[in-house]
Each structure stands twice: as C-alpha cells, then as structure tokens.
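Residue numbers (mature numbering (1 follows the signal peptide of the UniProt record, and there is no 0)): -29 to -1, 1 to 485. Ideal Cβ positions, reconstructed from N, Cα and C, are used throughout, including at glycine. Read the structure below first, then the notes.
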Ligand SMILES: [Zn+2]
C-alpha cells in the first residue's frame, strides 16, 4: 500500500517537472540545467509553513517531557520516534546507530603521583598535581617520556606546542607515560595524540609562564582514553623531565557512568549505492530548553526535504542523519563517522549540515568551505568550496544576502571534514552579536544576539524566525536535491580515482618544467 502510493506520487511529480524541459532546446547547456531545474522544483515544495508543523510537534514533545529534548531524555526519544515514523511511511530505509555519552564522572579516592626512580618521592595532591576530570581509572608504573617540551620555560608569550602534532610523538615508546606541557592546543588533542602513540598514561604540566604554574582542575570531556590523566605544576613537570629514564607510579581511582542514545539514519530507495549525498542535523536539545531553533529548525527542514524528495527517483543515494548528543560534544556524528569503514566513508561524496537555520535576529551564514574569509580554521576538504558556491548561487539568484562563517568544527560536520569528506551548510547565528554592517544587509537588530534564547528555556516555538525558516528550508531542499542529481563538481574519493589523481600529481612537475 505505502510503496504503491509513493510510486503514483512519483509519476505525477516527474511529469510536472519534466514538462518545462520540453520547451528548452536539446543542446548540452539545457542538459546541464536539468539538476538545477529538478532542484528548484523540489525547493519550491519545501515550504516554511510545513517545516513549522514539525517544529510544533517538537514543541509539544518538549512540553510533555519536562521542557527538554536532550539526549538520554524521553523528549529526545519521542522526537526520534516522530521523525522515524514519518520517514518510514515515506518509504525510507530507516536505521539507528548507538551513541554513548558520559552521564557522570566520580572519583572514589584522591589520585596518586609518585616518583619511583631515580628518587622515591610522593607528590602532594592537590598542591603538586590534581586529577583531570573525566580521566579513566588506572594504576600504572612506567617510565616517563617528555613530549616536545619547551625547557627552560621562556617568559611570555606562550610558545609550547607540546603534543599538539602527532609528529611530536615520533620517538615515543608505547607503554610509557607521556609528560606533556600545557600550551597552544586543547588538552584533549594532546591526549588523543598520546593515545595514538600508545601511551599508558598522561601527566600534563602547567606551561610555566607567570600565572601558568600551578595545577588546576579542568574537564577534558573525553572519557574513552582508557588511561589515567593528571595535571601537575610546572615545578613537578620540570622535576620529572630532569632525569631521562625517570619512572613514576600514576593512579586514578574514578569511573564514568555512560548513557546511551541513538542517531537516526534514513537512506533513500533511489540512487546509486556508491554515490551518497548526506544531509544531517542534530535532533537533541540542551537540557535547559526545548531547542526549537537549536536544532529543531535544522531537523525539521531536513525532515521536510526528505518527505518531499522521497517521491523523486534521484540519480544518487540520499542519506539523512538526525544526530544524537551533539550538545554533549558532537558525539553522535563523531561516533557515526568513527564507526564507518574507509570504503563506507568513500561512498559519502559530501555532507551538508544544518544547525540553527531560523534564528530570530538572523544572518545567512554559509560555512566558509574555501576559507575566502581567511579566518580561523582553513578551507574544508576539496569540494567544500564548491558546496559554498552552490549556496551562494541559490541566495544570489534570489537577491538575498549571505556571509561566510568560519569552518571551525563547532557542529556535526567536524567529523566529516576531519575524515576528508567535503562539507557545507547554513547557519543563522547563535549567541554572537549582530554587527551594524550585518543589520544593514540582513535587517534585524544590531548589537543584539542572533539568537537571544540560545541554549535557554525560551528557545521555544516563539523563538523561530518564519521568514528565515522558509528561505533556508528552500535552500536546504535545493542543495540536497541538486547533489542528488549532480556530483560533477565534487571530487570522487574512492581508491581508483585517488590513484588516478596521485598519478596526475606525480607527472605535474615534469609537465610544468616543460
Ligand atoms: Zn546546535
């Protein structure tokens, strides 16, 4: 019954969008326009007022579940059930993937740091060192190895990049405890590199400039390292670095309680399996509120796009992702990408991300895939620039403004670009303040936040900008449908094409010399 109804609807729509083509000359230019024509036809069907109906439902779900749709709460599960049922009825192949998140970290006894050789001494907790919150438990006695420290410590400014690069661990002997100076990059990056190098534990030490010498309590927010982590004073760090071959005992007695949630993944029936166009939005809110703009808006817009696209026999496979636990550290998308084989990653030709697309005091920000703004993080993987251009074309043709926003990895595209998958998307602003220049282009209020209810209880159905929701939902429909038909601007990353481009690259210098 369901499938038959879908097929009938498909036939109707295809006829409707095919008719205008009959009037265009059969030249190659017209053929190239077909994806654009189909994408515009789909775009015109993704209407803000229909997207708003899904948002009304998310609000009802939050109201019935303590005012939140956060990961691990009944409000999230009800949101997921709503989206799942809609997509199943539309004929999508729907599945879920497991996501783990930390619920609580508890320390049962103070951590221990002792020098065993060359000199037996016990460092004082908390005067000399403290446990890093989220540390795994462990009791290790091993040799300490200094990782790229700047010793002696210069005055200001900060100069240590210790452990920030995988190369810093080039000579690291697995099983040793990494002694890593603070500085430059997040602690979590340093510990991640240490884990990759086979460390059995990590002792951070404060960098050493004035005001940066004492141990201090912080949360590394990653509970899966599997080894103990503490942070010591600069003095302890220098003491341990002093004599090569120094061994220590490092013990942390703690436990993270882990919660479970799910991502929802929906694959279209149509399209080539090896050519996947992926669009994603996080479905969870923060615990403080119902999360209707952040990110009911992106979720509802891709849901409505999926429902309309279900009736189009696309050339490429389209996959929609509704991420869990984004607000807890991009966990759903991170764990999804981490769980894919290289072959599965290669099939994902691009990833479109939509996180907050209807901010009350909005600016149409486009992820700066080509780094044309030269701000913050660099350009995305090859193809990201072309994705940004497609959005620019969509808004430009309609006389609408747009502006770049740094590709800083602050939403679910982060894991995709880290895996070399090109990405792009739309963002209408969070807690940032609208400038006078932006107000001149986009309207709204200067010197006020883009979303005054960001991560607050008031991010409710009244926190939605209807005009922005309509405009951006259409752009979401357009971009998804366009790539569902045309991936010619996006580099193919499968093994065969990578080998081809490598061969071309090798020849290039000779060619240039001639
Ligand atoms: Zn968000």
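At a cut-off of 7 Å, would you count residue 80 as near ligand 1, judging by its Cβ distance to the nearest heavy atom? no
So, at 6 Å on beta carbons, what are the nonlocal neighbours of residue 319 in its own chain, with the 5 sequence-adjacent residues on each side left out? 247, 249, 392
Out of 242, 192, 400, which has the shortest C-alpha to C-alpha gap to residue 106? 192
For ligand 1, is there any heavy atom lying closer than 7 Å to the beta carbon of residue 234? no
Just to confirm, are residue 161 and residue 133 a CB contact at a threshold of 8 Å? yes
Is it true that the CB of residue 263 sits closer than 8 Å to the CB of residue 116? no
So, with DSSP's three-state summary, where would you put residue 36? coil
Stretch pair the stretch 95 to 102 + the stretch 328 to 339: three plus CB contacts closer than 8 Å: no
Among all the DSSP beta bridges, which residues are the ones paired with residue 68? 234
Find out if the Cβ-Cβ distance for the pair residue 425, residue 402 is shorter than 8 Å. yes
Is DSSP giving residue 329 helix, strand or coil here? coil
Neighbourhood of residue 87 by C-beta, 7 Å cutoff - its chain only, sequence neighbours within 5 removed: 112, 218, 219, 220
Let me have the residue list for ligand 1: C-beta closer than 7 Å to any non-hydrogen atom, ordered along the chain. 253, 265, 266, 297, 298, 326, 327, 382
With a threshold of 16 other CB atoms inside 10 Å of the CB of residue 66, please say whether the residue is buried or exposed. exposed
Buried or exposed: residue 332, going by 16 or more other Cβ atoms within 10 Å of its Cβ? buried
Can you grab the Cα-Cα spacing for the pair residue 448 / residue 322, in whole Å? 14 Å
Tell me residue 290's beta-bridge partners as DSSP assigns them. 238, 249
Taking the straight line between their C-alpha atoms, what separation do you get for residue 58 and residue 205? 55 Å
Classify residue 488: buried if its beta carbon has 16 or more other beta carbons within 10 angstroms, exposed otherwise. Since the first and last residues shown for the chain are -29 and 485, residue 488 lies out of range.
Using a 10 Å radius around the Cβ and a threshold of 16 neighbouring Cβ atoms, would you call residue 397 buried or exposed? buried
At the level of alpha carbons, what is the spacing between residue 390 and residue 89? 43 Å
According to the Cβ coordinates, are residue 446 and residue 365 closer than 8 Å? yes
Out of curiosity, what's the CA-to-CA distance linking residue 461 and residue 208? 48 Å
Under the DSSP definition of a beta bridge, which residues are partnered with residue 85? 93, 220
In terms of residues, what are the limits of the beta strand (DSSP E) holding residue 374? 374 to 376
Could you pull out every residue in the same chain whose Cβ sits closer than 7 Å to the Cβ of residue 351, ignoring the five residues on either side in sequence? 340, 378, 388, 393, 394
Answer yes if the stretch 268 to 279 comes into contact with the stretch 309 to 318, meaning at least three C-beta pairs across the two stretches below 8 Å, and no otherwise. no
Just to confirm, are residue 84 and residue 171 a CB contact at a threshold of 8 Å? no
Identify whether residue 465 lies in helix, strand or coil by the three-state DSSP scheme. coil
Would residue 174 and residue 144 be called neighbours here (beta carbons separated by less than 8 Å)? no
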